[in-house]
Each structure stands twice: as C-alpha cells, then as structure tokens.
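J.: Those protein sequences? They're chains A and B, same order as listed.
First residue of the first sequence: 0, per numbering that gives the first Met the number 0; consecutive thereafter.
First residue of the second sequence: 0, per numbering that gives the first Met the number 0; consecutive thereafter.
Ideal Cβ placement from N, Cα and C applies to all residues, glycine included.
Supplied in structure tokens, the structure appears directly below.
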Amino acid sequence: MFRFVVRRLLQVIPVLFVIVTATFFMVRFVPGGPFTAEKTIPPEILKNLEAHYGLDQPLWRQYLTYLGSIARGDLGPSFKYPNRTVNEIIGDKLPVSLELGALALVIALALGLTLGVLAAVRRNTWLDYLASSAGLLGMCVPTFVLGPLLVLFFGIHLGWVNASGWDSPADRVLPALTLGFVYAAYIMRLTRGGMLEVLNQDFIRTARAKGASESRIVFRHALRGGLLPVIAFLGPGIAGILTGSFVIETIFQIPGLGREFVNSAFNRDYTLVLGTVILYATLIVGCNLVVDVVQVWLNPRLKFE
Amino acid sequence: MNSSASSSAVAETGSSPWRDARHRLQRNRLAVAGAVTLLLLAAACVLGPLLSSFGYAEQDLNNTFAPPGSTHWLGTDQLGRDLLVRVLYGGRISLGVGLCATFVALTIGVVYGAVAGYLGGRADAVMMRLVDIIYALPFTIFVILLMVFLGRNIILLFVAIGAVEWLTMARIVRSQIMSLKKMEFIEAARTLGFSHSRIIFRHLLPNALGPIIVYTTLTIPAVMLLEAFLSFLGLGVQPPMSSWGTLIKDGAEKMEEYWWLLVFPGALFSLTLFSLNFLGDGLRDALDVRSAKD
C-alpha cells in the first residue's frame, strides 16, 4: 500500500510539470498580449511595462524564471490588476469557489446516495421509477438551463431568495443546488447500478439465509461493494464540479475563482491564467490521487491492474 | 459477420444477431420514442428554416420581444427576430457540432484503442498509461484556453471537443479487442498471413461494433453539453451564428421579462439530450453491452 501511494505520488510530479510547461507556452505563442487594448499604448510606455514584467527577456529565460518562482510558491504579479499578485487574487477568490464546490458535493452525495440505495432496495416500485426519472432529468437538464430556471422561479417569481450575489447564507442555496443536482443524478445512477449488482451476489443470499436483517444487509454487507463505482466517479466528479462552477459563478454573479479564470483568459492576463490553471490542475490531480488510493484501499485487487 | 457469445442460441431460428438486436430495440418504447423524436427534431432543424417565412437574421424592430403568438409561434428576441427559426437554426449548429465532434472522438478513440489492444504488452501499457494521465487532466480548462487564445473558430471547436472525448472510447475498444483477439477466428486470420491492419479493421473491429455504437450514441450528448457549456461562457459558436448554447445564454440574460427566450431553447436542448440518452440506453440493452466501461 505504502509503495503504491509513493509510486502514484511520483507520477504526479511529471504530470504537473507537463501542465505548467504546456500552459506557459500555449499562453505565450498566441497573438495578442495583456497590453493589446483598443487604445494603443505609446511604444515607450509599452517598453517600460514589458521590462517591468520581464516580458522583454528571451522566452526560455522567462520560462526558467517562472519555474523558479512557482517552486517558491510565488505565482507572480497580475498583468491586469496593477499592484496585485496572483497569490492575493487566488487567496481572495478561491475560498468562495471552494465553499460552493464543497456545498455542491455534499448535496450531490447526500441526494445521490440516498436515492440510489432506496431505488436499488425498492427496485421496480414507484420509488425506483421516481428516483430514476429524477436521475435522468438531472443528467439531461444542464446547469446553465436549470440555474436560470431556478432563479426565474424561486428568485423572481416567488421572491424567496436573491437572484444573484454571495452575501447571506440564503444566497448559497440556489447555486449549490444547481451545481450539485447534476452530480447527484450521476451518483444516484451509479449507486443504484452498483447496489443492484452486489445485492444479486451469493454472499448476500448467504447473509439473508443466516437471518440478517434487511438494513444490516444493505448497510453492512452491500454498501461497501456497491459504492465502488461511486468512488471511482468522484475523481472526474470533483473535476467536473470545479469546472462547472465557471458557469454557476457566471449565472449567479458569484465572486469566485471560476469567473475570474474565464475573465483572465479573455484579458490575456498571462500570470493569472497560468496561476489558476496550475492551481486547478493540482487540485484535480490531487483529488484523483486520493480517489485512487481510497479505491485500492477498499478493493485491493485493483493494485495489480 | 461473426456472432458474439450471447447470440449462439439464436442460430436455430435463423435470425442474425443484428436482426435480434433490432427486435429488442423496437420493443423498447422509450428508445423508439427517443429515436423518433430525434428524427423529427433533425428534420425540423434542417427543413424548418427553409419553410418559414421569416429569415434567421431578419430583424423587425417594430416587433421586438413579442411574446409567443400566432405570427411568431415562439415569440421574438430583442431585434424582433423570430425565435422559432432561430431555435431550429441553432439546432442545426448544435446537432452538427455534436455529430462532427463525436466523429473526431470516435476516429481517434477507435484507432487508438484498437491498436493498443491488438499490440498488447509494453506498447499497450504505455498507451493506456497515457490515456490515464490525460484522463486526470483538467481538460475543460485547456479547451477554454484553446478557444480563447486561438480564436473561436468552429473547426477548432470540433477538434478541441473531439480531443477531450475520445478517451472513454479508446478504453472500451481496447478492452473489447483484448478479449476478441484471443479467439480462434483471429488465430485463423493470422495463420492465413493477413496483415495486422487487415486483422484489426476487417476482423476485430466489426465484432466490437456493438459497444462502439452504444458509446457513440452516448458521446453525442456529452459533446453537445460541452459545446453548449463553451457557448454559454461566450467561447463557442460566435454571432451571427447561433447554437442552442448561445441562445440559452442570451435567454438567461433577459429571462426576467422575456421568459420564452430561455425556456424554448432550453427545453429543446434538454429534449434532445433525453432522446439521445434513451436511445443510447435502449441500444445498450438491445446489443447486450454489459459493463464494458473499463
């Protein structure tokens, strides 16, 4: 187990290195820079600006300088927000996105697992059909349709919550629900499928024959195996919630990192783009790593694949 | 065509596995409904704008934000353009992007997976390790960067989306090929001295067609979602063209007073995704593709 974790950790380093390098050169090799605005800047000032940010250096030197500074945990100054560093901006905005993502994940897991287990245990009853239809609905109504519709109904029509913003606790409800609902649908379908497969196996029949209660069978015997597909999904799921928040933050006008990332790409704020990509990549790769380890821990056979 | 393991009992009745699958599919009412809906939608998107008396970019500034009524069935937008025509026209783009990008993903995934599965051993290990690594990357972020930096052109959109969505297909095809290549008819083909590419494309892939069809059907909605996601962020299809994603984006901005601008494009988009998923699930049952995911 220990060796497995170390091996996977060592794989993370080249992956992150490739991401940093690819993003760095992708950002630099495209036409237009952070200072190409509608209003042309006088060449002298442009020169000064470029010298200030080190953009007049050869590209390879800029690259090495950048690698050196991120190794120290410094993501550099922002190009579009004078006097602010990327670290400050991320420190400002990331907590908002993380809160949104965490709430959505909790909703997705709570809804998805409960409905999935219920649907599997009460297979082919109205409960199963209801849960399965809700699951399909969640997968087919994308967040950017569901979100505005929820705002229209609960925010504008009923006036229960604000249509946008991120001030009071009530402002968290709609965004988190919108983002969580899709993943609740996936988790529900995976839980239902996984539980049905396990519930049909011989050891469950044995447990029944030995007189174990139905709840004991479900929670003690079946759940562990039935949840394996859900855990495998959590890696891509968390990545999806992180990137999904780009849209949610736009719909609900939430001051989070997702919206900042999309804006920074439009603004060609090189360092901010690079910084956020590196951060997101690290988060996602890290989550995948944890998911992998948990999977192997629950199902040691996977180690040999 | 060689039969798969599940259909060996059918020989007595003289029915081919494909005909069998078609019968099973036809009995699945949801799948049939999905297929019919899709055909109707596609026909409407292709023919509708031709039949309508309103042009897709035709403005009528005396008649902006008209609610749904007898002249404009789904109402008009801020420039007085007929929403029905725009939604159908947007459907052409959305469905077109869905099909083209899926085709890109299908081609890359099938070839890659087939080669990896056929070669096996170290080459396979390296190739699939690469897939694992790419799978773990925040690919949506890269697609966003690509679209921002390289201009929002529609060909790039196909390639970018296709480049993200081929991974699952590669895994599925590989696992199919891995199990198929141990079978005797492949040994026979090898003995006959056929080339590797002939064995892969003429003997192995036709037998893996079931899962490929199923996952192609399920890739289309995923691709369409990604396109709409990008368009919603303003990174996909650019005006004056419109896709369902851009229409939903415009609608969401004006929904407070003009609900129809959001509701109709959103409903049509969801309906399409529903139909594709029903059809995909039905095909999976009909072709008896079990957990071929990994």
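1. Less than 8 Å between the CB atoms is what I'm expecting for Met-168(B) and Val-109(B), so what's the real figure, rounded?
2. Using a Cβ-Cβ cut-off of 7 Å, state whether Phe-263(B) counts as contacting chain A.
3. For a quick check, are the C-beta atoms of Arg-191(A) and Ala-119(A) less than 7 Å apart?
4. From Leu-83(B) to Ala-56(B), what distance separates their C-alpha atoms?
5. Label His-51(A) either buried or exposed according to how many other C-beta atoms from any shown protein chain fall within 10 Å of its C-beta, with 16 as the threshold for buried.
6. Can you tell me whether Pro-342(A) is buried or exposed, with buried defined as 16 or more other CB within 10 angstroms of its CB?
7. Is Leu-275(B) near Ile-211(B), with beta carbons less than 7 Å apart?
8. Is any beta-carbon of chain B found at less than 7 Å from that of Leu-54(A)?
9. Using beta-carbon positions only, say whether Val-86(B) and Pro-264(B) come within less than 7 Å of one another.
10. Any Cβ of chain A within less than 7 Å of the Cβ of Ser-14(B)?
11. Span of the alpha helix (DSSP H) holding Trp-243(B)?
12. Quick one: give me the first and last residue of the alpha helix (DSSP H) that Lys-180(B) is part of.
13. Could you tell me the alpha carbon to alpha carbon distance between Arg-122(A) and Gly-90(A), rounded to whole angstroms?
14. Tell me which residue opens and which closes the alpha helix (DSSP H) that Asn-86(A) is part of.
15. Could you tell me which whole alpha helix (DSSP H) segments of length 4 or greater appear in the region 222-259 of chain A?
16. Residues of chain A with CB closer than 7 Å to the CB of Val-147(B), please, in chain order.
17. If contact means a Cβ-Cβ distance below 7 Å, which residues of the region 217-245 of chain B contact chain A?
18. Using beta carbons (cut-off 7 Å, strictly below), is Leu-23(A) in contact with chain B?
19. Let me know the secondary structure DSSP gives Pro-16(B) once reduced to three states.
20. Taking Asp-166(A) as part of the alpha helix (DSSP H), name the residues at either end of that continuous run.
21. Count the other C-beta atoms from every protein chain shown that fall within 10 angstroms of the C-beta of Val-284(A), then say buried if there are 16 or more, exposed otherwise.
22. Taking beta-carbon pairs under 9 Å, can you tell me which members of the region 37-67 of chain B lie near chain C?
23. What span of residues does the alpha helix (DSSP H) with Tyr-111(B) cover, start to end?
24. Using a Cβ cut-off of 9 Å, pull out every chain A residue sitting near Ile-132(B), in sequence order please.
25. For Leu-73(B), which option in Ala-187(B), Lys-180(B), Trp-259(B) and Gly-209(B) has the closest C-alpha, if you only look at C-alpha atoms?
26. What are the partner residues of Pro-76(A), as DSSP defines its beta bridges?
27. Going along chain A, which residues have a C-beta under 8 Å from Asn-276(B)?
28. Could you tell me whether the region 203-212 of chain A touches the region 136-154 of chain A, using the rule of 3 or more Cβ pairs below 8 Å?
29. What do you get for Pro-168(A), buried or exposed, if any count of 16 or more other CB atoms within 10 angstroms of its CB means buried?
30. Verify the CB distance criterion: does Ala-280(A) have a CB-CB separation below 7 Å to chain B?
31. For the structure I just gave you, are there three or more beta carbon pairs, one from the region 152-167 of chain A and one from the region 79-93 of chain A, closer than 8 Å?
32. Within the 7 Å Cβ cut-off, does Phe-273(B) reach chain A?
33. Please report how far the alpha carbon of Gly-54(B) lies from the alpha carbon of Pro-48(B), in whole angstroms.
34. Going along chain A in order, which residues have a C-beta closer than 8 Å to the C-beta of Trp-258(B)?
35. So, helix, strand or coil for Thr-75(B), using DSSP?
36. Taking the alpha carbon of Leu-234(B) as the point to measure from, which residue in Arg-201(B), Ala-159(B) and Leu-40(B) has its own alpha carbon closest?
T.: So, from the data block:
1. The C-beta distance from Met-168(B) to Val-109(B) rounds to 6 Å, short enough to fall under 8 Å.
2. Taking Cβ atoms only, chain A never reaches closer than 7 Å to Phe-263(B), which makes this a no.
3. A contact, by the Cβ cut-off of 7 Å.
4. Roughly 12 Å separates the two Cα atoms.
5. Counting Cβ neighbours within 10 Å, His-51(A) comes out exposed, since fewer than 16 surround it.
6. Outside the shown range of chain A, which is 0 to 304, sits residue 342(A), and nothing can be said about it.
7. No, they are not a contact pair.
8. Taking CB atoms only, Leu-54(A) has no neighbour in chain B less than 7 Å away.
9. For Val-86(B) and Pro-264(B), yes; Cβs fall inside 7 Å.
10. It does not; no Cβ of chain A falls within 7 Å.
11. Segment 243-253, the alpha helix (DSSP H) holding Trp-243(B).
12. Segment: none, Lys-180(B) is in no alpha helix (DSSP H) and carries neither H nor E.
13. Distance between the alpha carbons of Arg-122(A) and Gly-90(A): 47 Å.
14. Taken as a continuous stretch (DSSP letters only), the alpha helix (DSSP H) holding Asn-86(A) covers 85-120.
15. Whole alpha helix (DSSP H) segments, 4+ residues: 222-225 and 227-250.
16. Within chain A, the residues Ala-264 and Phe-265 have their CB atoms less than 7 Å from the CB of Val-147(B), given in chain order.
17. Cβ contacts with chain A: Leu-224, Ala-227, Phe-228, Phe-231 and Leu-232.
18. The displayed chain sequence assigns Phe, not Leu, to residue 23(A). Residue contact with chain B for Phe-23(A): absent (no Cβ-Cβ distance below 7 Å to any residue of chain B).
19. In this structure, Pro-16(B) counts as helix in the three-state DSSP scheme.
20. Following the DSSP letters along the chain, one finds Asp-166(A) in no alpha helix (DSSP H), marked with neither H nor E.
21. Taking all protein chains in view, the Cβ of Val-284(A) is crowded by 16 or more other Cβ atoms within 10 Å, so the residue is classified as buried.
22. No chain C appears in this structure, whose protein chains are A and B.
23. That run of the alpha helix (DSSP H) goes 82-118.
24. The answer, in chain order, is Gln-10, Pro-13, Val-14 and Val-17.
25. Closest by C-alpha distance to Leu-73(B), out of Ala-187(B), Lys-180(B), Trp-259(B) and Gly-209(B), is Trp-259(B).
26. The partner list for Pro-76(A) (beta bridge, DSSP) reads Thr-84(A).
27. The answer, in chain order, is Leu-135, Met-138 and Cys-139.
28. The count of Cβ pairs closer than 8 Å, one atom from the region 203-212 of chain A and one from the region 136-154 of chain A, stays below three, leaving the stretches out of contact.
29. Looking at its Cβ environment, which holds fewer than 16 other Cβ atoms inside 10 Å, Pro-168(A) is exposed.
30. Cβ-Cβ to chain B under 7 Å: yes for Ala-280(A).
31. When C-beta atoms of the region 152-167 of chain A are compared with those of the region 79-93 of chain A, fewer than three pairs fall below 8 Å, so the two segments do not count as touching.
32. Yes - at least one Cβ of chain A is within 7 Å of the one on Phe-273(B).
33. So the alpha carbons of these two residues sit roughly 7 Å apart.
34. Ordered by position in chain A, the residues that pass the 8 Å Cβ test against Trp-258(B) are Leu-151.
35. Correct three-state label for Thr-75(B): strand.
36. Here the closest residue by C-alpha is Ala-159(B).
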